[in-house]
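Have a look at the structure below, then the notes.
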Amino acid sequence: MTAQPAAAPTRRRRSYAWAVLALVVLAAITVAVAAVQVFDAANARYDEAVARHASASAAASEAVADLEGAAADAAEPLPIGQAIVAAAADGYADAALKESLAASVTELTSAVEDRASDVDRAPAERVGPRPTWFADLDREAERLDRDSRRLESAAESAAARASELQEASERVVAEGSALVESVAASAPSVDAATVSASNGDRLALRAAIGEVTAIAAQAPWSLAAAAEIQEYVVAASAAQASHAAEEAENAGPLAEQRAAAEAFAHSLAGGVLIEIDWAPIVNGFGSGGSYGGWATWEPGGGVATIQLSDSVAELWPSDGVQSLIAHEVGHAMIAKCPWGVPEPATREANEAWATAWAIGMGFHADGNGESLYGRPSDALIEQTLACR
3 MTAQPAAAPT
13 RRRRSYAWAV
23 LALVVLAAIT
33 VAVAAVQVFD
43 AANARYDEAV
53 ARHASASAAA
63 SEAVADLEGA
73 AADAAEPLPI
83 GQAIVAAAAD
93 GYADAALKES
103 LAASVTELTS
113 AVEDRASDVD
123 RAPAERVGPR
133 PTWFADLDRE
143 AERLDRDSRR
153 LESAAESAAA
163 RASELQEASE
173 RVVAEGSALV
183 ESVAASAPSV
193 DAATVSASNG
203 DRLALRAAIG
213 EVTAIAAQAP
223 WSLAAAAEIQ
233 EYVVAASAAQ
243 ASHAAEEAEN
253 AGPLAEQRAA
263 AEAFAHSLAG
273 GVLIEIDWAP
283 IVNGFGSGGS
293 YGGWATWEPG
303 GGVATIQLSD
313 SVAELWPSDG
323 VQSLIAHEVG
333 HAMIAKCPWG
343 VPEPATREAN
353 EAWATAWAIG
363 MGFHADGNGE
373 SLYGRPSDAL
383 IEQTLACR
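The numbering of the sequence shown is the numbering used here, which starts it at 3 and goes up by one.
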């Protein structure tokens, strides 16, 4: 019996077919897995883009709203700043500070008006229905990312502009406060330069200076401060005009002597406001080498008026006319020390006090009152030493 050949080739063909099938299946699985991974990645990118877009949209909306709020807050100081600039007339405030404040007010006004000129305020693009194909997911994600970048830039611009507005507003407040303080600081020198003004004008000026000084210390940044400055400027202008008028009246050949005699009187007065007038004859004296003076005052009121004969200026600075002025200032001092001559006072009591005051100040020449009214008691002279 003849043996049959082995069936090995058939088994090899079957093994080969299974191997091919396995490779096909593996390839299909690999493709499927890759496809799933591609879709997962596209979905993840899309989800991230949607989340970023939502965040950027909210941040941009908030930043623009904050900018509007910052603009409203920044605009609040403008009326006060404008009022202070208008009130602080030239010559009564620091010129450099005023110029700087005026510029800062103008800059802030423009900044508030142009607050959104370089800020993209377009609304966020709409997020449409979720795509299904991975390529569409990527395209939508890219679109949303572009808009997110725009919105993020808009938020940054709005925040930067809000910060600039705040800084500009704070600068106006700081400069305005400094300008008010400069008005108060320079006011005493304005007062000191109006010594020839009438007592009424100087009292009004000093009252205004007191108000400006108080507001500068308590609330320099306020409409009230601007109002006080305005009133001060009015009072100062009136006092300066009064001073100029008196100086013009005193002009002439004796102008320098009159000025020196008045300065001498003011130097003795211990802060009492003295209004000094001149006339050819005063109290019956002023001719033939004589010289006369006359004083009126308000006891305890801090003001007085002295009239001097022109001969006082002609004879200035002789010891006699200096002693006369000291006597008249002694009368004026009752405006500061009413206890010196209690009411009701007689003329004798007033003259004794004025003479004693001049002697107590060291003036012993004819003119101090002693030759006309007699020498006062040593006790009265001692008493006047407490009134300076």
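The C-beta atom is built at its ideal place from N, Cα and C for all residues, glycine as well.
Taking a C-beta distance under 8 Å as the contact criterion, residue 337 and residue 309 do not qualify as a contact pair. Looking at 109, 74, 157, the one whose alpha-carbon comes closest to that of residue 125 is 157. The DSSP-derived three-state label of residue 306 is strand.
Counting the other CB atoms within 10 Å of its CB gives residue 135 a total below 16, which places it among the exposed residues.
With contacts defined as CB atoms closer than 8 Å, residue 244 and residue 193 fail to qualify as a contacting pair. Linking residue 47 to residue 60 through their CA atoms gives a straight-line distance of about 20 Å.
The residue among 94, 155, 112 with its C-alpha nearest the C-alpha of residue 63 is 155. When Cβ pairs closer than 8 Å are counted between the two stretches, the segment 211-227 is seen to touch the segment 184-192, the count reaching three or more.
For residue 208 and residue 311, the gap between their C-alpha atoms comes out near 29 Å. Take residue 329, set aside five residues on each side of it, and the residues of its chain with a beta-carbon closer than 8 Å to its own are 295, 356, 357, 359, 360, 365, 369, 370, 371, in chain order. When secondary structure is reduced to three states using DSSP, residue 281 falls in the strand class. According to the DSSP assignment, residue 178 belongs to no beta strand (DSSP E) but to the alpha helix (DSSP H) extending over 136-194. Residue state for residue 270 is assigned as helix, using DSSP reduced to three classes. Taken through DSSP and simplified to helix, strand or coil, residue 318 comes out as coil. Taking one beta carbon from each stretch, the segment 101-116 and the segment 253-268 have fewer than 3 pairs nearer than 8 Å; the two do not touch. Residue 131 and residue 42 have their C-alpha atoms roughly 17 Å apart. As summarised for the segment 65-142, there are no continuous beta strand (DSSP E) elements at least 3 residues long confined to that stretch. If you ignore the 5 residues before and after residue 232, its C-beta comes within less than 6 Å of the C-beta of 89, all in its own chain and listed in chain order.
Taking a contact as a CB-CB distance under 8 Å, the pair residue 167 and residue 76 counts as one, their CB atoms being some 4 Å apart.
Taking 8 Å as the cut-off, the Cβ atoms of residue 354 and residue 326 do not count as close. The DSSP-derived three-state label of residue 337 is helix. Within the same chain, 87 come within 6 Å of residue 104 by CB-CB distance, once the 5 residues on both sides are set aside.
Put simply, of 182, 318, 52, 279 the residue whose alpha carbon is nearest the alpha carbon of residue 91 is 182. DSSP, reduced to helix, strand and coil, places residue 198 outside both helices and strands of the structure shown, so it counts as coil. Around residue 278, the same chain offers 264, 267, 308, 310 as residues with beta carbons nearer than 7 Å, after the five sequence neighbours per side are excluded. Between residue 315 and the set 141, 201, 98, 284, the nearest pair of CA atoms involves 284. Contact check for residue 54 and residue 138: beta-carbon distance about 18 Å, past the 8 Å limit, so the pair fails to qualify.
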